[in-house]
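Under our numbering, the first residue of the sequence shown is numbered 47, with each subsequent residue one higher.
The beta carbon of each residue, even a glycine, is placed where N, CA and C say it ideally should be.
The structure presented is a predicted model; accordingly, all values stated were derived computationally and were not measured.
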Amino acid sequence: MPPASFARRATQLSSVMPTSAPADSIAFDSGHAFPGLLPDLTSEAGNALSEFRAETLQYAPRPGLPELRAWIADHMRADGASLNASNVLVTNGAKHALELVCRLMIDEGDAVVVTLPTYFSAIPIIRSFGATFVEVPQDANGMDVDALATVLDRAAAAGRAPKFIYNVPDFHNPTGVTMPFERRRALVELARRYGVLLVEDSPYRKVRFEGDSVPSLKSLDAEGSAVIQLGTFSKLLAPGLRVGWAAGAPDLLARMAQLKTDAGSCPLTQRVILEFCRAGRLDAHTTRVQETYRAHRDRMVRAFERQLPEVSFQTPNGGYYLWLSLPPGVDGDALARRAADAGVIVIAGSRFFANGGGDQRGRFIRVAFSHAGLDEIDEGVRRLAAAYHSLGTGAAAGAAAN
Ligand SMILES: Cc1ncc(COP(=O)(O)O)c(C=O)c1O
């Protein structure tokens, strides 16, 4: 098929099927779960397929299983948000929820606000609807709300308000930064004042290693219509189940439900999760997740301090990733390619910049500490350090300048 016949959204796609990392490589790239943490769901799956067969092997209700919607609402209420089951739409993961938000909101040429950098998988989802990106810088406290105010002001003056603001306030992907309370309040207030929907994507909210949790943006949304929160069971339980949700105003969710083309998300996986949560297993599992990933983070931090002190990073208090800043003269794309040859897969920072990144483009790489085991973390960092040093004089000069 000649590429000219494809839709505009497809013209920049590669003709090569996406593949997994080679089996002998160490994967620091995607945010996969540590295999040792995946729960045994045999008994939940057994119940789901016997006791609940009439439900789980049937088409599901479009908004999701009512009991799961109610459980998610309870779970979010315990986290400070005031909502009920009518505020929850079950989806096939948080990315699917984001896609539905885009389907609902974006016409070709509309603008969407994202952070600089932002979650790399959100970029093609939003772009595929023909949106343009307005990037707002962030610092050690997350999105710069003063810069956002300027953006929203200018857009309002030009009569071209962005369709939504996309943000990851807890353990941001890729930077790992968590937004403090005052900034969250200012962000929600800005969204409300300018009438721009705020999309809070918070898959790592419970993957906290130390410190107190900060109120979610959704919990600060007093009127209930300024924020839509995207949630997921991927990062706590099992990404392969593909169950997530959107929590927001019922009229918005009703429209999103009509735009779902999956005839309802899979009822079997929803019921398995419900059985797990109702059996009271989620709290103990969450503690295990936190303890395990804390140990992974600490191991990786120590490995970088020991083996590759030329890179710098802020140690995150949760999440799955380190965002490594490279010394001048070292290019993140080149390092990611060299690392793959050396048997460790990392993601070049350039993929996290919605508009290309300008002079920041080559300055970072992202590494995940979630998936690899402790010994693999040491070995992966050793391979990455070898790849770094094999880049030659640029790397060496950069190291000296750091
Ligand atoms: C910010 C962010 N949103 C969403 C997701 C994906 O969630 P899901 O597996 O539920 O689609 C991830 C996973 O890496 C993520 O980092």
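Beta bridge counterpart(s) of residue i as assigned by DSSP
{"i": "M189", "result": "Q184"}
{"i": "D160", "result": "In the sequence under discussion, the amino acid at residue 160 is Val, which differs from the Asp named in the question. Answer is E181, bridged to V160."}
{"i": "V390", "result": "I72"}
{"i": "G364", "result": "R254"}
{"i": "S533", "result": "Residue numbering for the chain in the displayed model covers 47 to 448; residue 533 lies beyond these limits and cannot be assessed."}
Range covered by the alpha helix (DSSP H) that runs through residue i
{"i": "D247", "result": "Element bounds for D247: not the alpha helix (DSSP H) but the beta strand (DSSP E), L243 to D247."}
{"i": "M346", "result": "R327 to Q353"}
{"i": "G82", "result": "Where G82 is concerned, there is no enclosing alpha helix (DSSP H), given that its DSSP letter is neither H nor E."}
{"i": "V318", "result": "P313 to R324"}
{"i": "V223", "result": "Premise fails: V223 is in no alpha helix (DSSP H) and is neither H nor E."}
{"i": "R397", "result": "Neither: R397 is in no alpha helix (DSSP H) and is coded neither H nor E."}
{"i": "Y434", "result": "L420 to S436"}
{"i": "P49", "result": "Here P49 belongs to no alpha helix (DSSP H), and DSSP marks it neither H nor E."}
{"i": "R173", "result": "A168 to R173"}
Range of the contiguous beta strand (DSSP E) that encloses residue i
{"i": "R412", "result": "F410 to A414"}
{"i": "N213", "result": "F210 to N213"}
{"i": "Y367", "result": "Y367 to S371"}
Distance cut-off 7 Å: residue i Cβ against heavy atoms of ligand 1
{"i": "Y165", "result": "yes"}
{"i": "N219", "result": "yes"}
{"i": "P109", "result": "no"}
{"i": "A140", "result": "yes"}
{"i": "G290", "result": "yes"}
{"i": "G77", "result": "yes"}
{"i": "P215", "result": "no"}
{"i": "D247", "result": "yes"}
{"i": "P64", "result": "no"}
{"i": "S280", "result": "yes"}
{"i": "E285", "result": "A quick correction: the sequence has Pro, not Glu, at residue 285. Flag set: Cβ of P285 near ligand 1."}
Alpha carbon of residue i to alpha carbon of residue j, nearest angstrom
{"i": "H331", "j": "L282", "result": "8 Å"}
{"i": "G290", "j": "G438", "result": "45 Å"}
{"i": "G375", "j": "D192", "result": "32 Å"}
{"i": "E425", "j": "F279", "result": "29 Å"}
{"i": "D344", "j": "P85", "result": "23 Å"}
{"i": "A203", "j": "D156", "result": "16 Å"}
{"i": "A201", "j": "P208", "result": "7 Å"}
{"i": "I470", "j": "C148", "result": "There is simply no residue 470 to check, as the chain begins at 47 and stops at 448 in what is shown."}
{"i": "V242", "j": "S271", "result": "10 Å"}
{"i": "I72", "j": "H142", "result": "28 Å"}
{"i": "Q184", "j": "D190", "result": "5 Å"}
{"i": "E97", "j": "G326", "result": "19 Å"}
{"i": "N401", "j": "W369", "result": "19 Å"}
{"i": "F80", "j": "S416", "result": "6 Å"}
{"i": "L144", "j": "Y165", "result": "12 Å"}
{"i": "L114", "j": "R288", "result": "14 Å"}
{"i": "D377", "j": "I393", "result": "12 Å"}
{"i": "L298", "j": "D267", "result": "15 Å"}
{"i": "S358", "j": "F350", "result": "9 Å"}
{"i": "E90", "j": "E321", "result": "6 Å"}
{"i": "L87", "j": "N219", "result": "28 Å"}
{"i": "P107", "j": "L305", "result": "14 Å"}
{"i": "Y339", "j": "T307", "result": "35 Å"}
{"i": "Y250", "j": "Y366", "result": "8 Å"}
{"i": "R412", "j": "V159", "result": "22 Å"}
{"i": "P285", "j": "D329", "result": "18 Å"}
{"i": "F217", "j": "G139", "result": "18 Å"}
{"i": "P226", "j": "L95", "result": "44 Å"}
{"i": "R409", "j": "S76", "result": "19 Å"}
{"i": "V273", "j": "D387", "result": "43 Å"}
{"i": "A119", "j": "T161", "result": "28 Å"}
{"i": "L372", "j": "E356", "result": "7 Å"}
{"i": "E261", "j": "A195", "result": "It should be noted that the sequence gives Pro, not Glu, for residue 261. Distance between the alpha carbons of P261 and A195 is about 21 Å."}
{"i": "A127", "j": "V136", "result": "17 Å"}
{"i": "G395", "j": "V245", "result": "23 Å"}
{"i": "R451", "j": "E101", "result": "Absent from the structure is residue 451, since the part of the chain shown begins at 47 and ends at 448."}
Neighbour flag for residue i against chain C, beta carbons, 8 Å
{"i": "S174", "result": "Judged by its chain identifiers, the structure shown contains no chain C, having just a single protein chain."}
For this session: Mind listing, in chain order, the continuous alpha helix (DSSP H) runs of no fewer than 4 residues lying wholly within the stretch 239-304?
Result: none
For this session: Write down every uninterrupted run of the alpha helix (DSSP H) in the stretch 89-139 whose length is 4 residues or greater and which is fully enclosed by it, in chain order.
Result: 99-102 and 112-123, all fully within the stretch 89-139.
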